[in-house]
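For the record, the sequence lines run as chains A and B. Okay, so the first sequence: first residue is 232 according to the working numbering, each after it adds one. Okay, so the second sequence: first residue is 25 according to the working numbering, each after it adds one. For every residue, glycine included, the Cβ atom is placed at its ideal position computed from N, Cα and C.
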Amino acid sequence: MNSEVRVHGRDFTAYRIGGAIAAVLLAILLGWQIWEIFDGDNRTVPEVRWGVAALDGEATAGDQSGLLAHEVLRARTRLQDERYRSGPAPASDAPDFATGAAQWLTNAPMERGAGRDLTRGWARPGSDTLELLRGSERVAGISSLPYVGAEVFERPFGRDWRLGIADFATHLGALAILGFSLLLALVLALRGRVPIAKGRSGRTVKRFGFLERANHWMTALSFIGLALTGLVIAYGDTVIRPFSEPLLGDLGWLATWGHVLFFPPFALGILFMILRWTWGNLPGRYDARWLARGGGFFSDSPDNPPARKFNAGQKLIFWSAALGGVIMVVSGVTLMFPFYWLDIEGMSWAMLTHAVIAVLLIAIFIGHIYIGTVGMQGAIEAMWGGRVDRNWAEEHHELWLAEIEGRTPTQERSG
Amino acid sequence: MARLKFLCDSDRCIECNACATVCKNEHEVPWGMVRRRVVTLNDGEADEKSIAISCMHCTDAPCVAVCPVSTLYQTDLGIVLHDKDTCIGCGYCYYACPFGAPQFPRATLFGSRGTMDKCTYCAGGPEENGSEVEFEKYGRNRIAEGKLPLCAEVCSTRALLAGDGETIGEIYRERVVKRGYGSGAWGWSTAYYPEERP
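Here's what the structure looks like:
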């Protein structure tokens, strides 16, 4: 075999500059995400304060108006006291009515950061309150109402679920997506593209048929649609809300419906992929060697580890799509029909699974998109036109090329 | 500063469902949704207890944390409110809620189940306090009138207490001392003191 290298990965200067720029941007985003984990804003805080209309209209300080609002309600609370303590009873006077006719409580946005101390204070019980507290455990009885879950009084798991979805899944997803993207951008900047080392031969061989390609793109586009709409739901509060709250509402609504609309083509595509490609993606004897040499990814030598139609990397992508896709479809359909076969706890787990697998799949398929487009010279042609350059085939899938050309491989390598 | 809470004295609740009924009536809550319900524990046993439950207006509220479109928000009295104009009906708040408070008009498809509704502590929503449009979306705003939730104020046995947490805690403690027993503030550790492990 001629191992003369004519095209080097580092020669793709424009790609490498693009990769470097992307790496800088992604590093900034990743830094922001890491800061988000530790900035201590994972407690929810009050955003709106109450005041009294009669005072707010005048030049009095907002604080005073707020204190009065709280005082009004505290006085009203006293009306529920036991009669032997508060009267009307022989021993004590009748309580005052809490509000005058002129008082009307108002709402105003709170100053940023003011709510944080409130939440912290609220979470700390006094010793009197501590005596009243019972354990935090699931409590269910019966209810005369015919609704799902009406019989459950308390399920502390809701708080754990919140940690799972609002902290674990979102942070894990952002780290995985941004971190992996940064890694790929760095690879592109430093290593360049994986070249067709011997240059284009000018002759092509057929790799994927029309139906396979059409199905691939249907699945790919619906996956991207599902991913983008899902990301709006998962990260809109962080990324879109600071710019415009109404925009987040509109996009959220679009995302909800879009997410449902992109589901049927995705499910159909995954099903066809499983039927069409499972056989070729069963683990084979070349896979371990291919993986051990990293697929020859970091060398410009055309002497890559041998592979049949699908190498071990492609097999991993296939199984991510197949298994991940099935998990997403099953959990997604479950979420679309609440309580059809799962109760509230089961639904909670379906939602958590859906979220965690989703962000991991997005990260994995960013890798797939990378290697299929900018990451490797000539790779896109396989799925686009269906025909690949013969030299590309020889460098990456020499056993497959030999099969379709009807000959035994030139050299059966050992070790 | 006051911190509004609910406290249901399970030794006094007689499962009359007045709180649930009066809530539905006062706020004209649509069919298929309840903002307050009564749960009976150990029904028919010697230790049977009934207890009224709705949104507890939690500290560090999980629903506010998980809402993807910032529909849910909290006020400085502790009241958790919602904005029906931004809600997308995803149901996250329902999974996160320790008390099953969020309600949806229909139990159907993601996106078609309608916008969430829940107890507002009789405090309306983001619309102008006391306005007609606020009433249509969220029900009566009694807090703006300086009044407390109707479910508690209507309770015939004073089992359900609402208002400033310290004050209702004190009322309850005095009551327990006087009658000699009490099974504590149900749901308070989960709702108000998530970081405490009693």
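Chain A contacts made by the stretch 178-193 of chain B, where a contact means CB separation under 7 Å: Arg182, Leu185, Gly187, Asp188, Thr191, Ile192, Gly193
Locate the alpha helix (DSSP H) running through Val379(A), then write down its first and last residues. Neither: Val379(A) is in no alpha helix (DSSP H) and is coded neither H nor E.
Going by C-alpha to C-alpha distance, which of Ala70(B), Ala209(B), Thr99(B) sits closest to Arg365(A)? Ala209(B)
Using a cut-off of 8 Å between C-beta atoms, extract the partners of Trp212(B) located in chain A. Thr360, Leu363, Leu364, Arg365
Nearest residue (CA-CA) to Ala89(B), options Tyr378(A), Leu630(A), Leu394(A): Leu394(A)
Assign Pro54(B) to buried or exposed, taking buried as 16 or more other Cβ atoms, counted over all protein chains shown, within 10 Å of its Cβ. exposed
In the DSSP assignment, find the unbroken alpha helix (DSSP H) run with Ala465(A) in it and report its ends. 441-470
Tell me the start and end of each unbroken alpha helix (DSSP H) in the stretch 125-174 of chain B that is at least 4 residues and wholly inside, in chain order. 156-162
Nearest-angstrom Cβ-Cβ length linking Gly250(A) and Leu419(A), presumed shorter than 8 Å: 3 Å
Output needed in chain order: residues of the stretch 387-399 of chain A with a Cβ under 8 Å from some Cβ in chain E. Checking the listed chains, one finds no chain E in this structure; the protein chains it contains are A and B.
Between which two residues does the alpha helix (DSSP H) holding Ser78(B) run? From DSSP, Ser78(B) is part of no alpha helix (DSSP H) but of the beta strand (DSSP E) over 73-78.
Closer than 9 Å by beta-carbon distance: list the chain B residues that pair up with Ile593(A), in chain order. Going along chain B, no residue has its Cβ under 9 Å from Ile593(A), so there is no contact; the nearest lies around 16 Å.
In chain order, what residues of the same chain lie with their CB nearer than 7 Å to the CB of Trp508(A), ignoring the 5 residues before and after it? Phe549
Taking only the alpha-carbon atoms, compute the straight-line gap between Ala290(A) and Ala339(A) and give it to the nearest angstrom. Bear in mind that a pLDDT of 43 at Ala290(A), under 50, signals an unreliable position, so the number given afterwards is only what the model happens to contain. Taking the straight line joining both Cα atoms gives about 16 Å.
Are the beta-carbon atoms of Tyr217(B) and Pro356(A) separated by less than 7 Å? yes
Within 10 angstroms of the Cβ of Trp521(A), are there 16 or more other Cβ atoms? Answer buried if so, exposed if not. buried
Give a yes or no on whether the minimum CB-CB distance between Gln264(A) and chain B is below 7 Å. no
So which residues on chain A does Ala42(B) lean against when the C-beta distance must stay under 7 Å? Neighbours of Ala42(B) on chain A: none; closest Cβ ~13 Å, over 7 Å.
Kindly indicate the opening and closing residues of the beta strand (DSSP E) around Pro340(A). 336-340
Gln648(A) to Gln127(B), Cα distance in whole Å? Absent from the structure is residue 648(A), since the part of chain A shown begins at 232 and ends at 646.
So that I know if they touch, is there some Cβ in chain B lying closer than 7 Å to that of Arg343(A)? no
What residues of chain B sit near Pro277(A), judged by a beta carbon separation below 7 Å? Gln98, Thr99, Asp100
Run through the DSSP bridge pairs and tell me what Phe30(B) is partnered with. Ala186(B)
From Val238(A), Glu278(A), Met614(A), Arg241(A), residue whose alpha carbon lies closest to that of Val436(A): Met614(A)
Please look up how many angstroms separate the CB atoms of Ser579(A) and Tyr119(B), rounded, as I've assumed it's under 8 Å. 5 Å
On the DSSP bridge list, what partners appear for Asp620(A)? Thr435(A)
Simplified DSSP assignment, three categories, for Met607(A): strand
Quick check on Gln311(A) - is its C-beta less than 7 Å from some C-beta in chain B? yes
Could you confirm whether any beta carbon from chain A is found closer than 7 Å to the beta carbon of Ser224(B)? Residue numbering for chain B in the displayed model covers 25 to 222; residue 224(B) lies beyond these limits and cannot be assessed.
Along the chain, which unbroken stretches of the beta strand (DSSP E) at least 3 residues long are found entirely within the stretch 497-536 of chain A? none
May I ask you to verify whether the stretch 155-166 of chain B touches the stretch 623-634 of chain A, counting CB pairs closer than 8 Å and requiring at least 3? no
Checking the sheet assignment: what are the DSSP bridge partners for Trp281(A)? Asn338(A)
List the whole-angstrom C-beta distance separating Ile192(B) from Lys29(B), where the pair is believed to meet the contact cut-off of C-beta under 8 Å. 6 Å
For Ser94(B), go through chain A and note every residue whose CB falls closer than 8 Å to its CB, in chain order. Asp468, Arg472, Glu476, Leu479
So which of Arg422(A), Leu506(A), Arg274(A) has the shortest CA-CA distance to His447(A)? Leu506(A)
Looking at C-alpha atoms only, which residue of Ser374(A), Pro536(A), Phe388(A) is the closest neighbour of Gly525(A)? Pro536(A)
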